[in-house]
Amino acid sequence: MNIILLGPPGAGKGTQARRLVDERNMVQLSTGDMLRAAKDSGTEMGKLVAEVMAKGLLVTDEIVIGLIEEQLETVEATGFIFDGFPRTLAQADALNALLGRKGQSLDAVIEMKVNDDALVSRVTGRSTCGACGEVYHDETKPQPADGKCSNCGASEFKRRADDNEDAFRTRLLAYYRDTSPLIGYYYAKGQHSAIDGMAAMDAVAGEIKEVLDKA
241 MNIILLGPPG
251 AGKGTQARRL
261 VDERNMVQLS
271 TGDMLRAAKD
281 SGTEMGKLVA
291 EVMAKGLLVT
301 DEIVIGLIEE
311 QLETVEATGF
321 IFDGFPRTLA
331 QADALNALLG
341 RKGQSLDAVI
351 EMKVNDDALV
361 SRVTGRSTCG
371 ACGEVYHDET
381 KPQPADGKCS
391 NCGASEFKRR
401 ADDNEDAFRT
411 RLLAYYRDTS
421 PLIGYYYAKG
431 QHSAIDGMAA
441 MDAVAGEIKE
451 VLDKA
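Count the sequence shown with the working numbering and you get residues 241 to 455, in order.
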């Protein structure tokens, strides 16, 4: 089963993807993670990524598709979660073409709908464990009093430099400009489902499970 998690930054896509990895033995394909791993891999594709990034250039759609193709060919999994890709209609067409060449399909596109103002509050108070990526929030899930991650025990926590209101609203605008057209694109294909991304994490996971069980 291959799925896309859609939603603006801070909607909780990464959190829900990690749950699916644990519960369903799926593989999360995060664009950022793949690029970082490729840069250090020493493969031909990795050398190309390293060269592009060293020059400060944007990684092309063709490179990202190439990285995804490598994962589809080499990683054993019950399915893939596309997180952060596609971001544009052109990327969606490229992903469809790739899956078709590999004899695979896209089974579900789940949009995590959010309230923008509440999302700003959620994101500006957010921090993550530097080791495992566990997400914390100043109000709803503070970092443990002992300074150690409740998931892995590490003691390094990070905040994104752009997790402030002005920078986040700029990222939000980019999402609505470039990525939100995918909602209509996948709706027209009969693959789109919408869930309440502002609900509690367990409730969101339950809604995702219902969608996948029907797919």
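Think of the CB as a built atom: it goes at the ideal place given N, C-alpha and C, for glycine as much as any other residue.
Counting only unbroken stretches of 3 or more residues, the beta strand (DSSP E) elements lying wholly within the segment 310-366 are 320-323 and 348-353, in sequence order. With a cutoff of 9 Å on beta-carbon distance, Leu359 and Leu412 are scored as near each other. DSSP places Thr271 in the helix class (H, G or I) of the three-state scheme.
With respect to the 9 Å criterion, Met241 and Ala455 are classified as neighbours on the basis of their beta carbons.
The straight-line gap separating the alpha-carbon atoms of Lys295 and Val304 is approximately 17 Å. In this chain, the beta strand (DSSP E) harbouring Asp436 covers His432 to Asp436. Within the same chain, Cβ atoms closer than 6 Å to the Cβ of Tyr415 are found at Pro248, the five residues on either side in sequence being excluded. Nearest to Ala337 by C-alpha distance, out of Val315, Val375 and Glu302, is Glu302. By the Cβ rule, the segment 326-334 does not count as touching the segment 351-368, because fewer than three pairs are nearer than 8 Å.
Annotation for Glu396: Gly370 place their beta carbon closer than 6 Å to its own, counting only its chain and skipping 5 residues before and after. Here DSSP, grouped into helix, strand and coil, assigns Val304 to helix.
Per the coordinates, the alpha-carbon of Leu312 lies some 37 Å from the alpha-carbon of Thr380.
Between Gln268 and Ala257, the C-beta gap is smaller than 9 Å, which places the two residues in contact. Under the three-state reduction of DSSP, Leu413 is assigned to helix. A direct Cα-to-Cα measurement between Gly340 and Val261 gives close to 23 Å.
Burial is judged here by how many other beta carbons sit within 10 angstroms of a residue's own beta carbon; Val363 has at least 16 and is buried. The beta carbon of Arg399 lies closer than 6 Å to those of Ser367 in the same chain, with the five residues before and after it left out.
Spatial neighbours of Thr328 in its own chain (CB-CB distance under 6 Å, excluding positions within 5 residues in sequence) are listed in chain order as Asp418. In this structure the segment 383-393 does not lie against the segment 421-438, because fewer than three pairs of beta carbons, one per stretch, are closer than 8 Å.
Straight through space, the alpha carbons of Glu291 and Leu297 are spaced by roughly 9 Å. The alpha-carbon of Lys388 is positioned some 26 Å away from that of Ala443.
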